[in-house]
Structure formats: C-alpha cells, structure tokens
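S.K.: Right, I'll just put the structure down here and ask away after.
Number of protein chains: 4
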Amino acid sequence: MIGVGLIGYGYWGSNLLRNLINNRAFEVVAVADPSERRRVELRRHHIAARSLETAEAVIALPEIDAVVIATPVATHYEIARLALEEGKHVLVEKPMCASSDEAQHLVQLAKARKRVLMVDHTFLFTCAVQQIHTIVDHGDLGRITYVDAMRINLGPFQRDVNVLWDLGPHDLSIVDYILGEEPLQIEASGYCHANSCQADMAYLTLHYPSQIVVHLNLGWISPVKVRRFAVGGSAKTLVWDDLSSQEKLKIYTAGPDPQSQEDRNVLLAEFRSGDILLPLVSTREALAGVVEHFAKVIAGKEQSIMDGRSGMRIVQILEAAQRALDESLAHVRRVSVNRMRAVGS
Amino acid sequence: MIGVGLIGYGYWGSNLLRNLINNRAFEVVAVADPSERRRVELRRHHIAARSLETAEAVIALPEIDAVVIATPVATHYEIARLALEEGKHVLVEKPMCASSDEAQHLVQLAKARKRVLMVDHTFLFTCAVQQIHTIVDHGDLGRITYVDAMRINLGPFQRDVNVLWDLGPHDLSIVDYILGEEPLQIEASGYCHANSCQADMAYLTLHYPSQIVVHLNLGWISPVKVRRFAVGGSAKTLVWDDLSSQEKLKIYTAGPDPQSQEDRNVLLAEFRSGDILLPLVSTREALAGVVEHFAKVIAGKEQSIMDGRSGMRIVQILEAAQRALDESLAHVRRVSVNRMRAVGS
Amino acid sequence: MIGVGLIGYGYWGSNLLRNLINNRAFEVVAVADPSERRRVELRRHHIAARSLETAEAVIALPEIDAVVIATPVATHYEIARLALEEGKHVLVEKPMCASSDEAQHLVQLAKARKRVLMVDHTFLFTCAVQQIHTIVDHGDLGRITYVDAMRINLGPFQRDVNVLWDLGPHDLSIVDYILGEEPLQIEASGYCHANSCQADMAYLTLHYPSQIVVHLNLGWISPVKVRRFAVGGSAKTLVWDDLSSQEKLKIYTAGPDPQSQEDRNVLLAEFRSGDILLPLVSTREALAGVVEHFAKVIAGKEQSIMDGRSGMRIVQILEAAQRALDESLAHVRRVSVNRMRAVGS
Amino acid sequence: MIGVGLIGYGYWGSNLLRNLINNRAFEVVAVADPSERRRVELRRHHIAARSLETAEAVIALPEIDAVVIATPVATHYEIARLALEEGKHVLVEKPMCASSDEAQHLVQLAKARKRVLMVDHTFLFTCAVQQIHTIVDHGDLGRITYVDAMRINLGPFQRDVNVLWDLGPHDLSIVDYILGEEPLQIEASGYCHANSCQADMAYLTLHYPSQIVVHLNLGWISPVKVRRFAVGGSAKTLVWDDLSSQEKLKIYTAGPDPQSQEDRNVLLAEFRSGDILLPLVSTREALAGVVEHFAKVIAGKEQSIMDGRSGMRIVQILEAAQRALDESLAHVRRVSVNRMRAVGS
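Next comes the structure, spelled out in structure tokens:
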C-alpha cells in the first residue's frame with residue numbers, strides 16, 4: 002500500500018480524501034490543514050488518519066510515499082518542490098504552478114529524483130472526456146477543424162487567480178489531451194467587471210499547426226451555468242454538455258450538403274444533415290479515476306496522461322493568453338483615453 | 002395606399018410579398034425577378050401583382066411609390082440608388098451595402114431627395130428584441146456589462162458574402178439598437194474551413210465607451226443550431242433563446258452574492274443567486290412589424306429604428322471586423338510558415 | 002386536374018386552401034364560408050377561387066369533383082352525405098362524425114357511390130409519424146409493449162366537443178395507424194374543471210389483444226404545452242417530442258440489464274442501458290402530404306391510410322371512452338354524495 | 002446526544018449513515034447488516050460505530066435510543082415492532098409496511114409506548130417539495146384542481162414489491178403532504194410486461210372531496226427517466242422537474258384567457274397566457290432534513306410531517322390501488338379469453 006498524505010482539506014481536498022480512502026492501493030496516513038475547525042471536522046469523520054497543521058509535518062513522516070496537494074495555487078511550487086526533494090511522489094491540483102518557470106523546475110526535479118509528478122486535470126478522467134478522446138482518436142469525426150468551448154457560471158470569485166487561470170486549465174487540458182498538439186498562436190480578450198484588476202470574463206482563440214481553431218468563452222459573471230464543449234470535424238461534430246445527466250454527448254452527422262445548396266429554402270428548413278447519436282456515457286466519479294491512475298503510475302503500470310509536462314504546457318498557454326489579454330485591455334484603455342481627450346478638447 | 006414594388010422573389014422576397022399583401026397600407030403593384038420559373042410561381046399564387054423581369058422596369062412604373070429590395074448584396078447599392086433618384090422610398094435587405102462608402106452615399110441621397118431609406122434589420126421587430134429593448138431601456142438589468150451572442154448553424158453557405166457579413170448584421174443591429182452606442186475597438190478572429198477564401202466561422206469582440214464588452218460567435222459549420230443572446234447587467238442578466246418556442250426570454254436575478262463568498266461549498270452548489278423570470282413573449286411575425294413600420298415612416302408617423310444611418314453603422318463595423326479578421330488570419334499564416342521553415346531547416 | 006371546393010374557411014380551412022393551391026393536381030374552384038368577413042379576406046389573397054356562402058352552393062357546382070370539409074363536427078355528417086350523394090369525393094376534418102352510426106352510414110354511402118371518403122388525420126403525414134410507422138413496421142423496437150402519450154396545453158376550449166373528442170383523435174389515429182389492431186378494453190377517467198358539463202382533462206387506458214397497453218393523457222388546462230408520444234418495445238423505446246425542432250425523435254436502446262440487477266447501486270446511477278439515436282426527421286408540412294394523398298387516392302394510385310373505415314374506428318373508440326368517462330364521473334359523484342351524507346348525519 | 006442504530010447498510014442505508022454522522026444530535030452506536038462484505042466496508046470508512054449482524058443485537062444495546070430501519074419492506078413490521086416494544090424511537094423506510102393492518106398496529110404501539118414512529122418519506126424534505134408546500138399553502142396557485150405526476154425510468158426491478166409499491170409512495174406522500182386530504186375514489190390500471198406476476202407500469206387516478214383529480218404515471222420499463230410533477234390551480238400551475246439542476250420549479254400564470262377565445266388563431270399561436278417564474282430552489286440534501294427532523298421530533302421540538310399515521314394513509318391508498326389494478330387486469334384477461342374463444346369458435 003502507498004502511504005499518502007493530503008495537504009489541504011478544503012472543498013476539493015475533502016473529495017480527494019474520500020477517493021483516497023475508497024482506493025485500496027492507498028493508505029491515508031495524514032492530512033494537513035492550517036484551520037483548526039477543519040481538522041476537528043476531519044477527525045469526526047475519519048478517525049484513522051492523523052490530522053496535522055503543516056505541509057512540512059506531513060512530508061516529514063517516513064510512512065508517507067506520496068503527497069496530494071490541494072492548496073492555493075501560489076503555494077503549489079514550494080510544497081511540491083519540498084515533497085519531491087524528500088523523495089515523495091506528487092499529485093498537485095491544477096493549475097500546476099503560478100508560472101512556467103516554476104513548472105519547468107518541478108518537471109526537472111521529478112525527473113532527477115525519479116519520482117512521479119502528476120497534475121490533477123480531473124476532467125481527463127470524466128467518462129465523457131475519455132469517450133471524446135477515443136472517438137477523436139479513432140477518427141470518427143474525420144479531420145478535426147475546431148473546438149468551441151463555453152464554460153460560464155456565477156462565481157465563485159477566486160482570490161488568487163483570475164477567470165483565465167481558474168477555468169482555463171479545464172478546457173485547455175482537455176484540448177491538449179484530445180488534440181495532442183501545441184498552439185501556434187494565441188489571441189485573447191476579456192474584461193474585469195466586478196473587480197478592476199482581475200479578469201472575470203475571457204475569450205481565447207488558439208490556432209494550431211493542423212489548422213484547428215480552438216475558442217474558449219470563460220466567465221464568472223453569468224448567473225446561468227453553461228458547460229458546452231464542441232469538437233467539429235470534417236465528417237461529424239461532437240457536442241458535450243456536462244450539465245445534462247441523460248444526454249451528455251451528442252454526435253452529429255454533419256457537413257454541408259452540396260445538393261441542398263441549390264435550393265436555399267430546403268436547407269434553411271433543415272437544421273442538420275443527418276442523424277444524431279447519443280452514446281451511453283457511464284457515470285464513474287472522475288476523481289476516482291485520477292486516484293487510481295496515480296497509484297498505477299507510481300507502480301509503473303501506466304504512463305501518465307496528466308504528467309508534469311502536460312501541466313507545464315497548460316501553464317505556458319495560460320501565460321501567453323494572459324499576455325494577449327493584458328495587451329488587449331491596455332489597447333482598449335488607450336483608445337478610450339484618446340477618445341475622451343478628443344471629446345474633451 | 003402606397004404603391005409598392007418588390008425586387009427579388011426568392012426565399013425572403015416571398016415572405017416580404019406575403020406581408021406586403023397582408024398590410025392594408027400597401028398595394029403591391031409589381032414584382033421583379035430575373036427567373037422565369039419564379040415569375041410563373043408568383044402568378045399562380047398572386048394574380049393581382051404584375052410580374053416583371055428587371056428592377057428598372059418596376060422602378061419606372063409611375064404607380065410605384067416605394068420599392069423593397071431583396072436581391073444579392075452586391076446589387077443593393079445600384080438598385081437603391083436608382084430608386085431614390087427616381088423619388089421612391091426604399092426598404093433594402095441587410096447588409097445594406099457591400100461597403101460603407103456605398104452606404105454613406107445612399108444616406109446622403111435619401112436625405113437630398115427627402116425619401117425614406119430603411120434597412121430590413123428584421124430582428125428588431127421580433128417580439129423578443131422589442132422586449133429586450135424595453136427591459137434594457139427601463140434599467141431593469143442595472144448597468145449593462147456585456148452581450149454574449151452565439152449564432153451558429155449548418156449553412157447555407159452564401160456565394161456573395163462570408164459568415165461575418167451574412168450572420169453578423171443580425172446581432173450587430175440588435176446590439177446597436179439596444180445599446181445605442183458605437184464600439185471603440187473591434188477584435189476578430191476566425192477561419193475558412195470549407196473554402197479557402199471565405200470565412201465560415203468568426204469570433205468578434207467589441208469594446209464600448211461605457212465599458213460594455215460584446216462578443217459574437219458566428220458560424221456556418223455547426224450541425225447543431227444555436228441562437229443564444231445574453232445581456233449581462235449589474236443587477237440581472239437576460240438570455241434570449243430564439244429557438245425555444247415556449248421559453249424565449251429568461252431574466253436571471255444575478256450578481257455574485259457577497260455572503261456566499263465566505264463558504265465556498267455553498268456557492269459551488271448554487272448555480273444562481275435568485276429567481277428566474279420568463280416574461281410572456283408574443284408571437285407576431287417580425288416581418289409584419291417591419292412592413293407596418295415602413296408604411297408609418299413613409300407617412301411621417303414614426304421615426305425609423307432601422308434607417309439608413311443604422312444600416313451604415315452596421316456596415317462600418319463589418320468592415321472594421323473584416324480588417325481585424327484578415328490581419329489575424331495573415332498573422333497565423335506567417336507564424337505557420339515560419340514554424341514550417343524552422344522545422345524544415 | 003381535380004376541381005375541388007373547400008367548405009369552411011376558418012383557421013384550418015385557410016391552411017387547407019394554401020395546400021390545395023400549392024398542389025398541381027387540384028384546381029380550387031370555390032370556397033364556402035358563412036362569414037362575410039372571411040369571404041372578403043379570402044378574395045384579397047386568392048382571387049381565382051369563387052367565394053360562396055353555403056356548402057350546398059359549392060357542392061352543386063358541376064366543375065367540383067371533390068370537397069374538403071373543415072366545419073364544426075356536428076355538421077360533418079350532413080355535408081359529407083350531401084357531397085357523396087352528389088357524386089363528389091370527400092375529405093372531412095377529424096373527428097369524422099359525432100357518432101359511429103353517422104360514420105358507418107358515410108362509409109356505406111361512399112362504397113355504394115364508389116367515391117373516395119377520407120378523414121383528415123393530418124398527423125399521419127407528419128414526417129415523424131411516417132418514420133415511427135416505418136420503424137415499428139420494420140420491427141426495430143422489438144415486440145411493442147406500450148404507447149404512452151401526453152397531449153396537454155391551454156385551450157382553446159372548443160364549443161362543440163370536449164377534450165376527448167378534440168385531442169383524442171390525433172393520438173388514437175396514430176395508434177390505429179402504427180399498431181394496426183383494435184382495443185379489447187377501454188378505461189377512462191377525467192374531469193370537468195372549467196365547465197361543469199364538458200371534460201377538459203381525460204386519461205385513457207386501452208388494452209389490446211397483443212397485450213399492448215396504450216395510455217393517453219389529454220388536457221386543455223395546462224399552461225405548459227406538452228406533446229410526448231412514447232412507443233415502448235422489447236428491444237428499444239421511441240419517444241417523439243413534437244415541440245422540439247431539432248430533436249423530434251429519440252430511439253433508446255432499452256431493456257432492463259440482467260447483469261446490473263445484482264448491484265443495485267450501479268443501476269440506480271445509470272438512467273439508460275444503451276445509446277440513443279436521433280434519426281433525421283424531415284420537415285415537410287403534413288397537410289401537403291394529406292392533400293397529395295387525397296389526389297392520389299382519387300386517381301386510384303394509392304390505398305388510403307386515412308379512409309372512412311379508419312375514421313369510423315376512431316369514432317367508435319371515442320364513444321367507448323366517453324361511456325367509460327361518464328361512468329367514472331357518475332361513480333365519483335355518488336361516492337361524494339354518500340360521503341357528504343355520512344358527514345352530515 | 003441520541004444513541005442511534007442503523008439496521009440495513011445497503012444503498013440507502015449508507016446514505017442514512019452519512020447523514021446520521023453529519024448530524025451532531027446523533028451518535029451512531031451500531032450498524033446491523035447480515036452481509037459480511039458490507040460490514041467490512043463499513044469498518045473501513047467508519048471505525049467508530051460497531052458493526053453487528055442482526056437487528057435484534059442492535060435493538061438490545063442499552064446505549065441505543067433510536068433505530069433507523071432500511072431493510073426490505075417485508076421485514077419492516079417485525080423490526081419496528083420489536084424496537085418500539087423495547088422503547089426505542091423508530092424511523093422506518095417507505096413504504097412503512099406491507100399492509101395497513103401492520104401499519105395500524107405500529108401506530109397504536111408507538112402511541113402506547115410514547116415513542117416516535119416516523120416513516121422516511123424523504124421527498125418531503127427536498128427543497129422543491131418544501132417550496133411547493135409553502136406555495137400551495139399560501140394559496141398562490143388559487144384553488145388546486147389537479148396533480149399530474151410522471152415517474153418513469155428503467156428499473157431497478159424490485160424483488161419484494163411491484164412498481165406501485167416501489168415508486169407510488171414518493172408521489173402519494175407528497176400529495177398527502179401538500180393536499181392534506183384523503184381520496185374518495187381510486188382507479189388504477191397497469192400491466193406486467195417483464196414479469197407476469199409483478200406490475201411494472203401503473204396508472205392511478207385519485208378523486209378527492211375537494212374535486213381535485215390526481216393522476217400518477219409510474220413505470221419501470223422506460224429507458225428515459227422522467228420526474229414530472231404538476232400541480233394545477235385556478236390561478237397558476239406549478240411544474241416540478243426533479244431531474245433539472247437549474248430549473249427545478251416553474252410557476253405558470255395560467256387560466257384560459259376569455260378574450261383570446263374569440264380569435265382561435267391567436268390562442269393557437271400562444272402556448273401560455275402569462276409569465277413563468279422559476280423560484281430559486283436551494284440544494285440541501287433531503288435526507289439531512291429528515292435526520293434533523295427525526296432528532297427534533299424525538300426532542301419534542303417539532304410535530305412530525307411524516308409520522309406513522311401518514312405512513313399508514315399511504316399504505317391504505319396503495320392497498321386500494323392494488324385492488325383496482327388487480328380488478329382491471331382480471332377484467333382484461335376475461336375479455337381477452339372471450340375474444341379468443343369467439344375467434345376460435
């Protein structure tokens with residue numbers, strides 16, 4: 002059994018703990034959280050694990066082989082570095098780090114110490130994403146032409162990251178997983194409505210070498226929640242609605258029908274040119290898959306689909322998108338100031 | 002009664018004809034279409050109107066006071082110019098012209114000849130848009146912060162315009178109508194998947210002086226049809242789904258709840274912070290409203306909400322967006338070529 | 002060309018007229034309506050057909066080969082009888098007659114005069130019902146086990162018929178068409194909420210020789226409109242939602258999974274045991290199909306799927322259901338009176 | 002703290018246990034389950050509680066003040082009787098008992114021993130049902146006229162009860178709670194498709210003294226899951242969709258509009274006559290409410306909304322519905338046999 006320590010027992014940490022307990026490959030040795038209240042709650046539910054105050058105390062325990070880090074982003078690098086230096090395997094929450102320099106250092110360190118470094122891109126283990134990956138891999142959609150994702154809802158506003166760094170890693174890690182290539186060019190715009198220094202809506206457009214265009218619409222200020230992820234292909238188009246319980250995946254037989262082009266009326270009346278298939282999507286909890294995957298990667302039985310390198314790629318894209326977003330916002334500010342001067346003069 | 006001539010009896014022309022016949026203010030004198038087949042069909046259904054071959058022949062008729070132009074975009078300017086010069090009132094399909102220079106000339110001509118020049122931005126007369134206009138005007142949503150529109154479907158691919166010029170005028174005219182201001186800055190990207198020289202997907206971001214951000218997602222290559230138009234405000238958010246028959250408009254009581262921020266778990270569980278109201282939307286055909294509006298504007302009883310100036314503003318935005326889109330595509334092409342050279346060397 | 006007369010130019014009559022004009026096999030000779038206002042409206046739109054006041058006047062015209070009857074139910078029998086006696090083919094609105102005796106007489110008369118007698122069960126020509134018929138016929142669903150239909154909305158309250166006779170013919174004619182057998186036993190209950198002598202909600206359960214159970218939920222007092230029609234089979238289940246524009250038909254791969262039965266948790270988590278297929282449903286107007294069918298049946302090119310016999314079978318079921326409904330209501334009334342007496346004593 | 006024992010650690014039992022642990026008023030002393038595998042699983046997650054084999058062993062423990070019974074229906078009576086006789090408070094799963102005689106005996110016993118007897122009609126503590134109860138109580142819907150419920154899905158097929166006894170208690174307990182009256186008359190039909198001796202679809206119609214009609218459509222053989230519960234009133238109608246995460250409750254402003262009656266076309270085009278309101282529904286787990294309620298009723302702080310009498314009323318309705326269903330099935334069988342004889346002769 003792998004002795005595991007959990008660092009951070011907040012909302013996501015408690016889900017991680019439950020899944021670590023459920024998995025027979027792990028023995029949960031200790032949990033660290035700075036909050037006394039949370040440590041009391043922890044003891045009420047799970048008597049077996051020790052509850053400690055600091056990451057250092059958990060990492061120092063000799064029975065610990067691996068740590069799972071569910072703390073604020075700014076602390077990921079330091080805790081993961083310490084754990085790797087002490088020879089522990091690491092599963093860290095997304096985004097992996099606050100900068101690609103940090104991410105790169107952790108990747109090198111893990112390689113040098115021969116330890117597993119994984120980033121919890123949980124969505125890769127949702128049954129829907131697993132199925133999308135298989136469908137795309139099998140070529141069922143034909144040549145992929147675009148991904149169009151919408152991930153909007155109302156808060157929660159994060160204190161440590163903006164909407165790009167909070168919601169972006171989900172879609173970017175899925176795109177990285179299913180496309181298997183890196184973007185050529187990244188465009189971004191957005192705005193800070195609720196708070197002048199932290200973007201709460203962001204639009205990204207990524208261009209890929211294979212001519213795929215990926216568009217993300219991310220937002221924290223929509224009272225209606227949307228989780229729409231479409232993958233367009235030359236033969237078929239797939240739409241994933243993560244909020245639907247019974248109809249998560251829809252595969253549309255697509256492509257403009259050349260015959261219909263002659264008669265505009267006919268095509269206007271038709272919304273699609275073929276059948277729609279809704280494959281059965283099973284409902285295993287994604288985090289159970291992540292935890293199982295972590296155990297198998299440690300045991301050398303699986304290559305990781307969410308290793309340090311993939312975490313680093315996502316952080317690199319986030320950095321580039323942040324630069325593009327900052328430029329767009331700065332440009333709008335200049336135009337706005339010039340306009341006001343012109344009006345004022 | 003206003004003697005009216007219809008120029009172009011295609012898909013939209015036949016809808017215009019039906020509504021012109023239904024409106025007692027008009028007498029349909031003549032219809033022009035170059036296709037013999039369509040003129041035969043016309044005579045079978047509507048014996049009263051004369052069927053002619055050319056726009057010139059209709060405009061020349063002395064009983065004609067007004068013309069309605071439903072022809073390809075490239076011909077709008079010439080036909081409208083001729084009609085205005087002959088002293089006829091003009092209702093022209095959207096987009097008004099192929100360039101803002103053309104549009105400006107028509108506006109000047111109509112002013113000089115004291116004739117009505119209107120652009121058929123039909124959506125402004127859908128009951129939903131009328132209601133959105135009223136709701137925004139009354140301040141029900143608070144201060145407007147963003148508009149997020151998605152208008153995607155499968156074709157029909159137009160021969161004379163790309164997706165920006167085909168679908169863009171709908172949302173841009175609605176935005177122009179409800180916001181009543183002009184954008185400071187226009188960003189665009191997109192791609193040409195089906196045809197190398199004509200964009201079939203386009204993403205626009207418009208920044209406004211009042212800090213409103215407008216985002217449009219337009220596409221011809223989605224087998225699933227989406228018509229989503231959200232208007233976010235500081236107090237409430239409105240979402241219009243034009244494909245829903247029973248639930249077209251939803252008004253969400255929104256805004257991040259400061260109290261919930263303390264407890265992250267609670268807010269994650271809540272998808273919205275208040276009630277949703279679905280106001281009753283009546284179902285009058287929009288085009289009937291356009292035709293009635295045209296009659297009243299000719300009679301001097303109403304100011305037009307879709308006059309030549311608004312048509313011109315939309316064409317100006319389309320031109321600016323097209324430039325931004327061309328730049329984005331050229332930049333991606335350069336990066337791609339450089340990458341290939343680097344790989345090849 | 003078949004000279005045709007339309008009797009009744011109300012809501013449905015105007016749809017019939019448009020489709021008769023569109024069909025090249027027919028020449029619309031005359032339209033009868035007692036309302037002067039409607040006859041004026043008719044002349045404005047369709048100058049070619051004569052507008053008359055009475056059914057008799059239309060039937061008497063020698064150019065008339067066929068009549069289409071779109072008048073209140075109580076008048077169907079007399080008008081259809083007169084037309085058949087004069088040697089005209091007849092297409093009559095549903096329900097065919099107010100009693101099965103009347104229906105039987107018309108069937109005999111049509112046979113004796115060798116004229117076509119058809120009932121406008123329009124739904125049989127919706128593309129969805131045509132597809133359901135084909136799917137069931139091919140055995141794709143396996144052995145049919147049940148039909149469960151829900152047809153509820155808010156009014157319009159009819160003056161001449163209750164909800165059973167107004168909405169029932171739609172689902173009963175579809176069931177008659179796709180099952181091809183007659184019920185053994187008919188149970189019904191319901192209530193008169195808005196009006197003490199006219200049922201505005203009705204629940205029917207029909208048992209068939211092949212063990213199929215058909216259940217109809219019909220109502221006029223639901224502000225939300227529902228059109229749900231499910232056909233369950235031993236292999237698959239089909240659900241038709243007539244209000245959906247893009248997803249009218251869904252075919253579920255069904256059947257309780259024997260393996261899952263062992264582990265209750267697994268099955269509770271799964272909502273279905275297989276894929277869902279949404280076949281493409283075309284969008285031709287059903288009434289165009291009815292009118293074309295009428296022409297072909299008159300020309301001897303097709304056997305009618307909505308002949309007088311099928312109309313008579315529907316009326317027989319309606320009569321039996323009405324008797325069951327009356328018995329149920331009378332029984333409830335007796336129990337209620339007894340209860341009040343017991344309480345009062 | 003109330004010492005509590007859980008009897009039955011299956012699917013529902015594990016949910017009960019989690020909620021009992023989360024509630025500070027209870028201390029979970031022991032859990033009984035005959036399965037060794039489940040007792041091992043129990044010990045892995047929750048070390049504090051003793052795991053025993055039999056109900057008797059739990060009831061015999063002196064630290065136990067209350068028991069929660071989550072075992073097959075046939076065993077409810079014996080276990081609850083034993084617990085009450087030993088002076089323990091009882092919360093038993095639904096349906097309370099296999100017969101109304103058993104239920105009546107338990108009610109009398111609880112009264113005699115002055116112990117709390119509650120039935121876990123969990124749905125009464127869903128936030129949606131609590132809100133429906135308040136809305137109906139406040140008279141917001143006007144005079145209630147009908148309830149129309151559809152609860153269909155694919156299995157799981159129960160071994161000990163048919164679909165009526167499995168799914169019926171949910172809707173019947175909600176109806177009992179919000180209407181507060183008992184039915185005058187119960188009609189039922191249904192069928193046994195998968196298994197010749199156990200109904201897997203059932204249609205119930207209940208008539209109430211206040212003229213309310215309640216209709217239930219229950220089924221185990223629908224691959225599509227539906228949870229629809231509509232309450233119609235003279236002023237408004239409420240529809241609860243338990244499967245929707247963001248739009249659980251919709252309140253329609255209803256009632257046929259007398260003015261629209263004149264013009265049939267207008268009303269046909271309108272699907273509803275007023276606004277729709279979607280009140281915010283919170284998302285607390287219902288079972289947490291049940292457990293808290295149990296603690297408060299034991300402490301004498303609340304009157305129970307799910308006491309033994311309400312459990313008994315539900316069992317009485319189930320018995321009456323079962324008799325009606327049996328009669329309907331027998332009648333169909335007789336008609337079928339007669340028909341076959343007639344055909345055979």
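Protein chains in written order, with my numbering: chain A, 2 to 346; chain B, 2 to 346; chain C, 2 to 346; chain D, 2 to 346. We treat Cβ as the ideally placed atom computed from N, Cα and C, and that holds for glycine. Only a predicted model underlies this, so the values are computations on that prediction, with no experimental measurement involved.
1. Cutting at 8 Å between CB atoms, please list the residues of its own chain near Leu173/D, excluding the five before and the five after it.
2. Taking only the alpha-carbon atoms, compute the straight-line gap between Leu326/C and Lys249/C and give it to the nearest angstrom.
3. Using DSSP with H/G/I as helix, E/B as strand and the rest coil, what is Lys302/B?
4. Any idea what DSSP makes of Glu42/A, helix, strand or coil?
5. Which residue from Gln186/D, Glu54/D and Val91/D puts its Cα closest to that of Ile65/D?
6. Thinking Val227/C and Tyr192/D are a contact (beta carbons under 8 Å), I'd like their distance in whole angstroms, please.
7. Expressed to the nearest angstrom, what Euclidean distance is found between the alpha-carbon atoms of Gly169/A and Leu219/A?
8. Output, in chain order, the set of chain G residues within a Cβ distance shorter than 7 Å of Gln186/B.
9. Is it true that the CB of Ala231/A sits closer than 8 Å to the CB of Leu239/A?
10. To test your reading of the DSSP string, which unbroken beta strand (DSSP E) runs of 3 or more residues are found completely within the region 177-263 of chain C?
11. In its own chain, which residues sit with a C-beta less than 8 Å from the C-beta of Tyr1/D, not counting the 5 before and 5 after it?
12. Exposed or buried, which one is Gly345/A when buried takes at least 16 other CB atoms within 10 Å?
13. When we look at the beta-carbon of Glu303/C and count the other beta-carbons within 10 Å, is it buried (16 or more) or exposed?
14. Per DSSP, Asp161/A is paired with what?
15. Look at Lys251/D and Leu279/D and say whether their C-beta atoms are less than 8 Å apart.
16. For Val108/A, I'd like the list of residues in its chain whose CB is within less than 7 Å of its CB, leaving aside the five on either flank, ordered along the chain.
17. Across the region 28-35 of chain C and the region 51-63 of chain C, are there enough close Cβ pairs to call them in contact, namely three or more that are closer than 8 Å?
18. Taking one C-beta from the region 284-303 of chain A and one from the region 126-133 of chain A each time, how about it: are there three or more such pairs within less than 8 Å?
19. Would you check if the distance between the CB atom of Ile175/A and the CB atom of His194/A is smaller than 8 Å?
20. Please classify Arg116/B: is it buried, with 16 or more other beta-carbons within 10 angstroms of its beta-carbon, or exposed?
21. Chain C partners of Gln247/B, CB-CB under 8 Å?
22. List the DSSP bridge partners of Leu155/B.
23. Going along chain C in order, which residues have a C-beta closer than 7 Å to the C-beta of Gly275/A?
24. In terms of residue numbering, what span does the beta strand (DSSP E) encompassing Asp67/B cover?
25. Which residues in chain B sit within 9 Å of Gly140/A, going by Cβ to Cβ distance?
26. Pick out whichever of Leu21/D, Leu180/D, Pro224/D and Leu165/D has its Cα sitting closest to the Cα of Met202/D.
27. Which of the residues in the region 12-32 of chain D, read from start to end, lie with their CB under 7 Å from any CB of chain A?
28. Taking C-beta pairs closer than 7 Å, name the residues in chain D that Leu278/B reaches, listed in chain order.
29. Please go through the same chain and pick out, in chain order, the residues whose beta-carbon is closer than 6 Å to the beta-carbon of Gly6/A, but skip the five residues on each side of it.
30. Does Asn1/B pass the burial test, meaning 16 or more other C-beta atoms within 10 Å, or should it be called exposed?
31. Need the endpoints of the alpha helix (DSSP H) that Asp102/A sits in, please.
32. Between His90/B and chain C, is the shortest Cβ-Cβ distance under 8 Å, so that the two count as touching?
33. Looking at the unbroken alpha helix (DSSP H) that takes in Val282/C, where does it start and where does it end?
34. Go through its chain and collect everything with a Cβ distance to His348/B's Cβ below 7 Å, but skip five positions before and after it.
35. Work out the CA separation of Phe295/D and Ile136/D for me, nearest whole Å.
36. What residue range does the beta strand (DSSP E) around Arg51/B cover?
M.R.: Inspection of the coordinates gives the following:
1. Leu217, Ile315, Ile318 and Leu319
2. 31 Å
3. coil
4. helix
5. Val91/D
6. The pair is not a contact, with the Cβ atoms about 23 Å apart (cut-off 8 Å).
7. 7 Å
8. No chain G is part of this structure, whose protein chains are labelled A, B, C and D.
9. yes
10. 186-192, 202-208, 214-220, 222-234, 237-242 and 250-254
11. Given that chain D is displayed from residue 2 to residue 346, the structure contains no residue 1/D and the question cannot be resolved.
12. exposed
13. exposed
14. DSSP, once it has assigned bridges, lists no residue as partnering Asp161/A.
15. yes
16. Leu118, Gly309, Arg310 and Met313
17. yes
18. yes
19. no
20. buried
21. Val225, Lys226 and Leu244
22. Ile222/B
23. Leu281
24. At residue 67/B the sequence reads Ala, which differs from the Asp that was named. Ala67 to Ile70 is the extent of the beta strand (DSSP E) around Ala67/B.
25. Under the 9 Å cutoff, chain B gives no residues; its nearest Cβ is about 17 Å from Gly140/A.
26. Leu165/D
27. Ile22
28. Asp276 and Leu278
29. Val30, Ala31, Val59, Ile65 and Val68
30. Since the first residue of chain B shown is 2 and the last is 346, residue 1/B is not available in this structure.
31. Ser101 to Arg114
32. no
33. From DSSP, Val282/C is part of no alpha helix (DSSP H); its letter is neither H nor E.
34. Outside the shown range of chain B, which is 2 to 346, sits residue 348/B, and nothing can be said about it.
35. 24 Å
36. Arg51 to Leu53
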